[in-house]
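Every letter in the sequence shown is one number past the one before it in the working numbering, and letter 211, counting from 1, is 249.
We put the CB at the ideal spot given by N, CA and C, even for glycine.
If you're wondering where the values come from, they're calculated on a predicted model, not measured in any experiment.
Beneath this line is the structure, given in structure tokens, with notes to follow.
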Amino acid sequence: MPDTLARKPVDLPQAQAAGLGLSAGAAAPASEQWFARAKKVLAGGISSSARSTSTGPLPFPLYMARGAGSRVWDADGHEFIDYLLSYGSVVLGHAVPALTDAVSRQLALGTMFGTCNTVEVELAEQITRMVPGADLVRFSNSGSEAICGAIRAARGFTGRTRILKFEGHYHGWVDVLAISNRPALSDAGPLQHPSSQAHSRGIPAGVVHDVIIAPWNHREIVQAILNAHEQELAAIIIEPLVANNACIGPEEGFLEWIRGECDRRGILMIYDEIVTGFRLARGGAAEAFGVVPDLAVFSKALGGGLPVSAFSGRRAVMEPVAANTVKHGGTYNGNPLCAAAALATLRHLNQPGVLESMESHGCALMQAIRRAAHDCNIPCVVQGAGTMFQVVFNRDGRPLKHYRDLLSADSTRYNTFRHGLLRRGIHINSSGSACWFVSAAHGADDLAIAIAAINAAMAEVQSK
Ligand SMILES: Cc1ncc(COP(=O)(O)O)c(C=O)c1O
């Protein structure tokens, strides 16, 4: 592990050092009080709908106060090994010198000028070197924003409007694709013709109409849907490893098949690499799966924990953006502070051995969960890749094929497992449809603690 990721000593006051995890029935009075205050001024007490249930055993979320390397501490001083990592963003670990040094240097030079800057150029050069198919890049600030850019680029290039999206894939909270993210089975329609369901009140019907839904990994059904809509479709957008559906992968040949269908029909293929980018491989899913899209969208790991995103694509498809016939703007786009963080992050991830050590840490965790489940005779599937994976307690322990398979998973077992882990100091996503993430700062000491916690939490699942 490179030195620059060494964990800094954490100087929490003695009184606050509450040890690893929430002990059984433990109170977290500071988090409780902060939530009470938050509810008076933040809608629902939170800043994102995804944060409403971050703790589970407690009727309020944990307020994280600081992080160092692989660990985070809540406002009550409980320490956790962090496998949430801000949904994979904190890919180098928390407050690691490789990142903080770069950000501090840029802070002293100025954070924003609203002009072109040299750091954004260096960052775009780095991305084009790492990512197959990224000839030209544009920056924005959040994943959802960059998705809007990519969709507009696809519509501008093709002159078509409708987008094919897979049921259960998540492409951000904004109207453009917040359709059929997690539809109830009763609303989702037949598998052959999934209905387009707005994910939220407030999304206009016209937007819903522009999004055609298909089932992931079902070639024949997708083909029939493509036949029905061929002339209308600007793009097919894909989460190549479905981070928001418990890391369901593409079946053998599925991505290659979609690539072929897109080429044959003049439809663009877009990868949403907001989670997989710079994590699944240095060149993201395009490198990992060997199938290169026309456009791709990045965020999360790109910024190492600072808010930056990008969309990129092959030269011809990005040309209208370059020529300004497809407009794309944003005050904060390519700001030097976030660009400096991203450049430091990518340079670090690009060093030999860094992603490989994350991968092997994650594979060891995946194996430990499989072994614990086997020993306890509990059916479950652990799927994904080493750097991002999820455990699903289903009936037969067989890999999931698509979104609807996840609906029959045993959420009580998942919650028992997760709460058991949290009490022992392992912090993972509260949602069973999301995933665990590994950072470059996770080490052998974390692994040993995590494996012991996994064994104990799985025994609790068995005893319930
Ligand atoms: C695959 C994927 N796409 C898009 C987004 C939206 O990104 P953001 O939350 O930064 O807008 C997310 C966020 O979790 C995501 O996981």
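Per DSSP, Lys-203 is one residue of the beta strand (DSSP E) stretching across 200-204. In this model, Arg-317 and Thr-425 are separated by some 7 angstroms (Cα to Cα).
Just measuring C-alpha positions, the residue of Arg-193, Phe-292, Gly-105, Cys-473 sitting nearest Val-429 is Cys-473. Leaving aside the five residues that flank Ile-119 on each side, the residues in its chain whose CB is nearer than 7 angstroms to its CB run, in chain order, Ser-108, Arg-109, Gly-463, Ile-464, His-465, Asp-484, Ile-487, Ala-488.
Nearest neighbour of Val-175 by Cα position, chosen from Glu-357, Glu-290, Arg-442, turns out to be Glu-357. Counting C-beta pairs with one atom in each stretch, the region 342-349 and the region 181-194 have three or more that are closer than 8 angstroms, which means they touch. Relative to ligand 1, the nearest heavy atom lies less than 7 angstroms away from the CB of Ile-312.
Distance from the CA atom of Phe-455 to the CA atom of Ala-491, rounded to whole angstroms, is 10 angstroms.
Residue pairing by DSSP places Gly-422 opposite Phe-427 in a beta bridge.
DSSP lists Asp-112 as the beta-bridge partner residues of Met-102.
Remark: C-beta atoms of Val-169 and Gly-322 approach each other more closely than 8 angstroms. In this structure, Ala-216 lies away from Ala-334, with their beta-carbon atoms at least 8 angstroms apart. Membership of Gly-126 in the alpha helix (DSSP H) is indicated by the continuous run 123-126. Taken through DSSP and simplified to helix, strand or coil, Phe-292 comes out as helix. At least one heavy atom of ligand 1 lies closer than 7 angstroms to the C-beta of Ala-281. In this chain, the beta strand (DSSP E) harbouring Asp-310 covers 306-311. When DSSP assignments are scanned along the region 208-261, the uninterrupted stretches of beta strand (DSSP E) that are 3 or more residues long and fall wholly within it turn out to be 249-252. Looking at the DSSP output, Ile-464 shares a beta bridge with Ile-119.
For Glu-325, the CB contacts under 8 angstroms within the same chain, skipping 5 residues up- and downstream, are Val-169, Pro-170, Leu-318, Ala-319 in chain order.
Cβ neighbours of Ala-192 within its own chain (closer than 7 angstroms, five residues either side excluded): Ala-272, Ala-273, Leu-306, Ile-308, Leu-333.
DSSP places Gly-187 in the uninterrupted alpha helix (DSSP H) bounded by 181-196. A distance of 8 angstroms or more separates the beta carbons of Ile-263 and Asp-310.
Closest by C-alpha distance to Ser-468, out of Tyr-452, Arg-461, Ser-477, is Tyr-452.
At a threshold of 7 angstroms, Glu-205 does not count as near ligand 1, since its beta carbon sits no closer than that to any of the ligand's heavy atoms. Ser-347 is bridged by DSSP to Ser-178.
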